[in-house]
Every structure is written in structure tokens, then in C-alpha cells.
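Residue numbers (this note's numbering): 746 to 1427.
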């Protein structure tokens, strides 16, 4: 909190109390001859990171007055910068003056051993003076009206950068004891990573010597240092020590600033204000790997990918490489155009300035669903630009147009600096390709086999000019090429988690009708595809185009990724990507697992499934809760006991049996020990 004169609250005694509070660490006062330090525009993850460093961005807001006040402001005509973490503005030449008034940004980490253990998990308010403040005072409930002009420089409010609570700058509203109160982190405390979790570890001489010894043997190289800050032989100045809580869903935000024009850069600043700046990452500064490695062991972690479908695919590929267990689910904030995966998961086709508080709530409350991911294995040729796809893989007309756009943009990037120009080029290229008929003979140069069924003859009979292997319902900026099968019993409605891929063919006519609700020719729903090409054909993988020489391409299921699906409060009509209606009856397979196996494997449901013993199948009503299911499981248990007794009587042998714990299904212990159990149902 700044220590410059103002009316009302900031008496001399009050300023001294702030100085003694420990909220603003003491720093040396810089002399006038000292050169101003280079302002940080990104989060500093190096050894030189300063406690309470501001993160500065250019600002041109007319109401952003210099925070240091009239007494310390030294040059009023130069440009101003705004801190993303605490939203204060200062003139570039006045940044040094912040040191004089001892004002720092909200702390994003803590030093190792800087406080007692009992205090290390306490987050305190970060109070900031405001000359303009929306909302109402938390104490008196009145608004923060300014008395006279719009350009009034009077401090009217005091607010916390963490929880966003705001009070009038009066002793009747804001009291002295509130300065050092603990902060709740506000409405989004469940997704905010507290600064007390992130620890900066100083590299001592002993750790330097030990790291040199570790490099001599491969076994020791993989071990962490004494403080756990050395990973794979690389020194890491920061480590994360989370507190386990069922109520926490910590969030990592990865933003691609290149997506959506200037939207990405603005979103980075907004998330740094709403969250801890150290949980927000700019993907142009080294990609997602560093952040994912740092937070790999944080329980209940969730990820928000801000960008296009390519950004989401990038993050999913890195998660594959890191082999995190359990894999954190990924939500999407779509930027730019297209965004078919985001549309499928109810996140929409683009960001429309929705308040970030709502987005954070959607990520926190969203359902976790599975997304099939597919391998692309190429024989007898160079590999495709991407060996896995989440949305689609296509060849023919659409890939030819995309490849032409890609090559033209690479050659003349200055001509492709607006969405309107890009769309005009696409339209022109598509029309030109249609006239030239470059893809009309596609069917003569390929062979398609789906789950052992050869579709080549059908492709040739239909004279298809584009072949699409689709994993999700949406394609080409929201169209639905699979359509609604309806009463066709040969095909099922499309899902993104069924382990099947839809094979669709297009003529020029069906491609043209996609934008008005049409669909392609449904060819097959399958689990494996073998595609053989006999000439160089344009292809695209999730929008990345290339031209592949004659090859054999094998498509099969790679894995399933956990995704966050935005919940819809009200659905006026059914959609392909909405939740399926509840059936009248559900069949549930029941397995038994020992408590020892559960405690060892409860974070990996696949291994837990392998360690379990099948008991049987129960049939329950579609809307059953856990209490109802428990009754059916107990009935299954009794049937198994009776069957065992009959078997013992027939064999006249009574071997010991492993009975289930009485009151099975979370009756015998707490819900915290079980995988994805609703504590309200226990």
C-alpha cells in the first residue's frame, strides 16, 4: 500500500502501521543518479526474480493517474505503464518512485524458510489505493461516487488485489486492524494457486557441489536436489509444494498471444489480475512444457488453453510426452476463428469479451469428458507434419485450398494481416480450384480400407473429391458434416469419446451445402483405417496442410484425453455435442478392489481397474443415485454368497472367501478416500 499523503485514512500513525505490517518488504532507496531498471513485462522465473515485482504493460487509459501521487511524480508528459498484477499506473520515469513509497505488487511466491512453518500457508491482503473504483463498499454498501470532476485525483477507495474486496477511504469503513488480516483470495479461491505454494529456492554452494557430483552418474542425475529444485540435471529456482484439498481445483492458463489478433495479449493481463501471475503462461515464451513440469504434482489440477484448436493440440501432445498421472483435464477459451473442438465442448466459436470471472467459473464447474485422439502412422514416405489428430484428417479439395493459402501466406505474410482478407483469399482459391478441377480424380488414386472393409469402389462410384476422417461433430468453423443419421440403423450418432472415427466423402455439391446445414456422404464408422495413396495428394491434419508423396497411412486410436466441457444451464433444443438423455435402465459392471490396492492406485483408474476382481453386473434405473446403487450391489453380494454356499455344499468343501466390507460403496470410510465420489451421496 502506497505511503503518500491523502485525506481521511492516511494519517501519520496509519502510514507507520503500514510500514510495520510486513506487507511491503523494505528496499533500499535509490539515489537520483541511479539508472532506472528495465521494467519487467513478463513473469521472472530466474534466480534474480524480485519479491513483489510489477509486470508492466503499455497503457493509454485516460483515467489512469500516476500512482505515486503529486508529491513524488517527476515527469507527467511521458508514457505510462500499467501493472497486470495490481492494476496501478505510473509514468515510465516514476517507476523508481515506487521504491521510495515502498509499494510493491502482490507477492506471487515466497522464499524458502522465510517464515515459520505455521505461518507459511497464510496469504494476507494486498491493499491498493484507488482513485476510481467500480462496485460498492463492502462495509457500508454504498457506491464509490466521486464528488466533482471526472479527473479528480482524490483517493476514494482501498481494495485488495487478491480478493478484490473494496472499502471507502474512511476510518468508518476501513479499519487499522484490517491491514494484516488473512485474505480468502475471493470468489475464485478454488482455482487460484496461492503464493505460499510457490517457493523460490536459493542455490547455495553446497547444492552447486552436489549437482556436480550428480552429473557423474546417470542414476543420481535424475534425482532432485536437497530442496527438490533440480529436475533432470537442470537447476530450477522455483518449486511448488501444494496443500491437498478436495475443494481446490488449481488452474494453469496457457495463452497464445498470436491467436485472435490482439485478444491474446489482453487476456494474459486480465488473467494475471484475476489469478496469481505465476499460473499464467505466454506460449510464445518457451511453450507449455516448463509450466506443466513445474505444476505436475499439484492435485486436481486443471488447464485452460487460450487459443485455437492447434494450441489445444500442442498442450495435449506435451501432456502425452510428460505422461502425467492423472492427466489434468483441459478447458478451452477459443481465440480466432474456426475452433471446432471448442464448439464441440460448448466453449463456442470465439471469445466475445465474456467476463473472465464467468470463464473461471465454467472451468471450475465444467464436466470432465473424454476426447479420442488418433495416431497417423505413415509408411514408405516422410511423416506428416503431425502424427496425431484430435479433430480431423482430410485429403483432396479442402486440403488443396488450405495448402494454397498456407504457401501464399508464407511467401507474403504482409498480405494476410486481417480476417477479411484471409476469407476473401479462401473464397477465391476455392473457386479457382473448382474451375480447374484439381481434385476431381481423387478417387482414382487412393484405396480406403476401414475395419477390413474396402470402400474404394464406393468412393469411385460417388466420384468423391474430398475424403474426411472426423473425430468430433464440428468441422470447417462449425458445420456438421456427419449430420443427423436419424432412423438410419446402419450408423450411430457421432460422439467424441466412443473410440470410433467417422469416414465422410464430399462432392463439390455437398461441400457447398455444408454452410447451409447440409452433410457429406456417410461412408463408415470404424476403429482402424488403412489409406493408400498412389500419387502426391494435398492433405491436412487439424488444419496443418502438406502435400504427401505416395504412401500408406494407418489410422488407429492413440488414447483418450480428459477435457473440460462447459456446462449449459439451459438447452432449448438437442445438439450433437450435448449430454445424451438418461436411459430407462443402466447396466453397471461391479468390481471389487482391496483397500491396499486402492490406496496405492487411486490416482490411476486404469491400473485400479486392472487390480480389481469382477463381481457381476447390476441393472438400475437410469436416474439412480449412489444410495440406490448401493442396494443393488448389496443384493449382488448376497446372491454371490448364496451361490458360493450352494457350490460348497455340492463339493462338501468350505474354502475361505474374501467377503466385501459390510456397507460397501463408501459406507465404511470417508468420501475423500474414493475416486470421484460425490460426498453428498455418501
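Ideal Cβ placement from N, Cα and C applies to all residues, glycine included.
Here the structure is a predicted model, which is why all the values come from computation and not from measurement.
- Using a Cβ-Cβ distance cut-off of 8 Å, the region 1211-1226 and the region 1130-1142 are in contact, since at least three pairs of beta carbons, one from each stretch, lie closer than that value.
- If only uninterrupted alpha helix (DSSP H) runs of at least 4 residues are considered, those enclosed by the region 1018-1094 are 1034-1039, 1054-1067, 1085-1089.
- Shown here, residue 797 sits in coil according to DSSP, grouped into three states, outside any helix or strand.
- Residue 1210 carries a coil assignment under DSSP once its states are collapsed to helix, strand and coil.
- As DSSP reads the structure, residue 1271 sits in a beta bridge with 1246.
- Separation of residue 1392 and residue 1050 (C-alpha to C-alpha, rounded to the nearest whole angstrom) is 57 Å.
- If you draw a straight line from the Cα of residue 1041 to the Cα of residue 984, it comes to about 11 Å.
- Less than 9 Å divides the Cβ of residue 1290 from the Cβ of residue 1147.
- Taken through DSSP and simplified to helix, strand or coil, residue 1253 comes out as helix.
- The shortest CA-to-CA distance from residue 1281 to any of 947, 1260, 1257, 1140 is the one to 1140.
- Between residue 1027 and residue 995, the beta carbon gap of about 19 Å keeps them out of contact (Cβ cut-off 8 Å).
- Counting the other Cβ atoms within 10 Å of the Cβ of residue 1261 gives fewer than 16, which makes it exposed.
- Taking the C-beta atoms as reference points, residue 1101 is found no nearer than 9 Å to residue 1306.
- Comparing alpha-carbon positions, the option among 1226, 1299, 786 lying closest to residue 1030 turns out to be 786.
- Cβ atoms of residue 982 and residue 936 stay farther apart than 8 Å, at about 25 Å.
- Boundaries of the alpha helix (DSSP H) harbouring residue 1108: 1101-1110, taken from the DSSP string.
- The beta carbon of residue 799 is closer than 6 Å to those of 828, 850 in its chain, skipping five residues each way along the sequence.
- For residue 1140, the enclosing beta strand (DSSP E) begins and ends at 1137-1141.
- Contact between residue 928 and residue 882 does not hold, since the beta-carbon distance rounds to 18 Å and is not under 8 Å.
- Residue 1353: member of the alpha helix (DSSP H) spanning 1350-1356, first to last residue.
- Note that the C-beta distance between residue 907 and residue 874 is not below 9 Å.
- Taken through DSSP and simplified to helix, strand or coil, residue 1284 comes out as strand.
- When DSSP states are grouped into helix, strand and coil, residue 1152 belongs to the helix group.
- C-alpha of residue 1338 to C-alpha of residue 1066: approximately 30 Å in a straight line.
- Using a 10 angstroms sphere on the CB of residue 905, the tally of other CB atoms reaches 16 or more, which defines it as buried.
- Residue 1285 counts as buried, since no fewer than 16 other beta carbons sit within 10 angstroms of its beta carbon.
- Residue state for residue 1129 is assigned as coil, using DSSP reduced to three classes.
- The three-state secondary structure of residue 1335, taken from DSSP, is strand.
- Of the candidates 1017, 1053, 902, 1259, 1017 places its Cα closest to the Cα of residue 940.
- The alpha-carbon separation between residue 1087 and residue 1312 amounts to approximately 13 Å.
- Looking at 1079, 1005, 1241, the one whose alpha-carbon comes closest to that of residue 1114 is 1241.
- Taking residue 1225 as the centre and dropping the five residues before and after it, the same chain places the C-beta of 1218, 1219, 1264, 1321 closer than 7 Å to its C-beta, in chain order.
- Per the C-alpha coordinates, the member of 1268, 1259, 1038 positioned closest to residue 1202 is 1268.
- The beta carbon of residue 1247 lies closer than 7 Å to those of 1215, 1227, 1239, 1270 in the same chain, with the five residues before and after it left out.
- Within the model, the alpha-carbon separation for residue 884 versus residue 923 is close to 12 Å.
- Apart from the 5 residues on each side of it in sequence, residue 867 sits with its Cβ closer than 6 Å to the Cβ of 927 in its chain, given in chain order.
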